[in-house]
Amino acid sequence: MAVNLQQAMDIGKYLVTQRLKGRKRFPLVLMLEPLFRCNLACTGCGKIQHPKEILKQNLTPEQCFAAVEECGAPVVSIPGGEPLLHPQIDEIVQGLIERKKYIYLCTNGLLLEKSLDKFQPSPYLTFSVHLDGMRELHDQCVDRKGVFDIAVKAIRTAKAKGFRVTTNTTIFEGTQPQDMQEFFDFLETLNTDGMMISPGYSYEWAPDQDHFLHREQTRALFREILSPYRSGEKNWNFNHNPLFLDFLTGEKDYECTPWGSPSYSVLGWQKPCYLLNEGYYSTFKELLAQTDWSQYGQKSGNPKCADCMVHCGYEPTAAMDAMQPQNMARALGSVFGRS
């Protein structure tokens, strides 16, 4: 199964608690970016476009713990940059495990195998390895040959040592559905703990602005890619709420929940979300209270939000929808491998 039962129960309890407390806006996943530095220069990512003085900076473990406690989200995603470049990443992860946070450490895989001895397998720790397709496509996306083979070898080693491992795939314009289906078949042979997929969003600092998907393109492409899964021909192991997959294919029409996945980095709390560069707040409380949330999401008319269907904005919406009585059985069924 992709999401373990204890994690699903803990997140469900958290969501119910927030609703019982009458909170309209609350976080589900903290995007904790301890550094922007990376050992790749992917064409669809703009993080390393920050000035050199910013790229040299790291969050301290204490800063990470303070942000996690201030935010209160049950899940912590650690993207970057490349988190395994952080000299104290093992201390950060251990501190979050002690706080019983569910961690997704996002990595391109280049340093994963040699870093495994820094960590211990835990139900709270998952390595999320970036793979955008089979060898040729992935190496093209990350602009370096050989990365696919290194990442796949690291996944196999991590699984052999008892770690939880998922994959994270961004799908861009021009992707061939059959190629992606064959890629999913390959990932199943790695015995990972689930696959995560998301359409590429036109991150304004990304060097390549020509291959991001528009909303209707996203729906059409994902309908085609996921058709064998929907028909029951394939039983791919997705690490997603099935309602989010419904959203990607156009069967659900959700509004963005940007506060559901706040981002904290060396620059502070990013406003309004992980994908837009509109400044920073010094506290999470300021982010929630001072952001005019009506200016974001597809219905707002904000052109920057018009085509976005990325998981960080819509997985929290799907999670809340899963708490509706008519959706509970299906959402829980996905934990046991039934969509």
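As numbered in UniProt numbering, residues 1 to 339 make up the sequence shown, in order. Every residue, glycine too, gets a C-beta built ideally from N, C-alpha and C.
Are residue i and residue j touching if we call contact CB-CB under 9 Å?
{"i": "E315", "j": "G260", "result": "yes"}
{"i": "E33", "j": "G80", "result": "yes"}
{"i": "K159", "j": "N108", "result": "no"}
{"i": "T283", "j": "E91", "result": "no"}
{"i": "V165", "j": "F127", "result": "yes"}
{"i": "K234", "j": "Q181", "result": "yes"}
{"i": "P242", "j": "A331", "result": "yes"}
{"i": "residue 342", "j": "Y280", "result": "No answer is possible for residue 342: the residues shown for the chain start at 1 and end at 339."}
{"i": "D143", "j": "C42", "result": "yes"}
{"i": "R223", "j": "A306", "result": "no"}
{"i": "P123", "j": "Q7", "result": "yes"}
{"i": "D10", "j": "K100", "result": "yes"}
{"i": "V266", "j": "Q57", "result": "yes"}
Leaving out five residues before and five after residue i in sequence, what residues of the same chain have Cβ atoms less than 7 Å from its Cβ?
{"i": "W236", "result": "F184, E188, M195 and Y229"}
{"i": "F244", "result": "H311, Y314, E315 and A318"}
{"i": "P61", "result": "Q88, E91, I92 and G95"}
{"i": "H138", "result": "L131, D132, V147 and F148"}
{"i": "G268", "result": "Y280, Y281 and S282"}
{"i": "N327", "result": "L243 and D321"}
{"i": "Q270", "result": "S263 and Y280"}
Taking just the CA atoms, how far does residue j sit from residue i?
{"i": "D292", "j": "G162", "result": "44 Å"}
{"i": "residue 346", "j": "L110", "result": "For residue 346 there is no data in the structure shown, the boundaries of the chain being 1 and 339."}
{"i": "Q295", "j": "G301", "result": "8 Å"}
{"i": "residue 349", "j": "E136", "result": "No answer is possible for residue 349: it lies beyond the span of the chain, which begins at 1 and ends at 339."}
{"i": "L84", "j": "S115", "result": "7 Å"}
{"i": "T218", "j": "L248", "result": "7 Å"}
{"i": "F119", "j": "S227", "result": "38 Å"}
{"i": "L275", "j": "L112", "result": "25 Å"}
{"i": "K21", "j": "K52", "result": "43 Å"}
{"i": "E278", "j": "P272", "result": "7 Å"}
{"i": "P325", "j": "L15", "result": "14 Å"}
{"i": "C308", "j": "D253", "result": "13 Å"}
{"i": "M320", "j": "C256", "result": "12 Å"}
{"i": "R25", "j": "H86", "result": "31 Å"}
{"i": "L35", "j": "A67", "result": "14 Å"}
{"i": "L40", "j": "H50", "result": "14 Å"}
{"i": "F186", "j": "Q140", "result": "18 Å"}
{"i": "N239", "j": "P258", "result": "20 Å"}
{"i": "Y264", "j": "R23", "result": "21 Å"}
{"i": "D117", "j": "E98", "result": "18 Å"}
{"i": "I155", "j": "C106", "result": "12 Å"}
{"i": "K145", "j": "T170", "result": "18 Å"}
Looking only at its chain, what residues have a beta carbon closer than 6 Å to the beta carbon of residue i, apart from the 5 residues adjacent to it on each side?
{"i": "S77", "result": "V29, M31 and Y104"}
{"i": "H130", "result": "N108 and N168"}
{"i": "L96", "result": "V76 and I103"}
{"i": "I225", "result": "P177 and M180"}
{"i": "L55", "result": "F36 and R37"}
On the criterion of 16 or more Cβ atoms from any shown chain inside 10 Å, does residue i qualify as buried, or is it exposed?
{"i": "R37", "result": "buried"}
{"i": "E82", "result": "buried"}
{"i": "M323", "result": "exposed"}
{"i": "L287", "result": "buried"}
{"i": "K153", "result": "exposed"}
{"i": "L59", "result": "buried"}
{"i": "D193", "result": "buried"}
{"i": "G133", "result": "buried"}
{"i": "S231", "result": "exposed"}
{"i": "P262", "result": "buried"}
{"i": "D246", "result": "buried"}
{"i": "L221", "result": "buried"}
{"i": "P27", "result": "buried"}
{"i": "Q176", "result": "exposed"}
{"i": "P303", "result": "exposed"}
{"i": "W205", "result": "Annotation note: pLDDT 47 at W205 (below 50); position unreliable, coordinate value reported separately. Its Cβ having fewer than 16 others within 10 Å, W205 is exposed."}
{"i": "L125", "result": "buried"}
Can you confirm whether residue i, when its beta carbon is compared against all beta carbons of chain B, has any partner nearer than 9 Å?
{"i": "A151", "result": "No chain B appears in this structure, which consists of one protein chain only."}
In its own chain, which residues sit with a C-beta less than 8 Å from the C-beta of residue i, not counting the 5 before and 5 after it?
{"i": "A329", "result": "none"}
{"i": "K285", "result": "E70"}
- request: Could you pull out every unbroken beta strand (DSSP E) segment of at least 3 residues lying fully inside the stretch 252-310, listed in chain order?
  value: 263-265 and 268-270
query: Can you give, in chain order, each stretch of the beta strand (DSSP E) that sits fully within the stretch 87-153 and has at least 3 residues?
result: Listed in chain order, they are 102-107 and 125-130.
Complete runs of the alpha helix (DSSP H) confined to the stretch 155-240 [at least 4 residues]: 177-189 and 215-230
field: Residue ranges of each alpha helix (DSSP H) within the stretch 41-78, 4 or longer
entry: Segments of the alpha helix (DSSP H) lying fully in the stretch 41-78: 52-55 and 61-71.
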